[in-house]
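Numbering-wise, the working numbering comes out as the position in the sequence shown, counting from 1, plus 1. Glycine included, every Cβ here is placed at the ideal spot set by N, Cα and C. Everything on this sheet refers to the single structure shown next.
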Amino acid sequence: MLSSVPYYSLNPYVNKCPSCGFIMIVDGEWAREDNRHRVKLIERSLTCPNCKVKIRQYIYLQ
């Protein structure tokens, strides 16, 4: 996990599957600078272990 990710984004309630409600697994996590908005961007790939739904999540850090 990245140390720059805020504590609330690691909260299991934020990572619940919208389909079945299980807590999703973080497959990958990338950090980059977004020059257009001048913020740091955390990009995540999440997968539900129960129903196999995949989500890409974007977190903008001010």
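{"Asked": "Roughly how many angstroms separate the alpha carbons of N51 and Q58, rounded to a whole number?", "Found": "18 Å"}
{"Asked": "From H38 to Y61, what distance separates their C-alpha atoms?", "Found": "9 Å"}
{"Asked": "What is the C-beta distance between C34 and R45, in whole angstroms, given that I count them as a contact (C-beta under 8 Å)?", "Found": "Here residue 34 turns out to be Glu, not Cys, going by the sequence shown. Wrong, their Cβ atoms sit about 17 Å apart, outside the cutoff."}
{"Asked": "Would you call the CB atoms of M25 and L42 closer than 8 Å?", "Found": "no"}
{"Asked": "Starting from the C-beta of D28, find all residues in its chain whose C-beta is less than 6 Å away, skip the five residues before and the five after it, and write them out in chain order.", "Found": "S46 and T48"}
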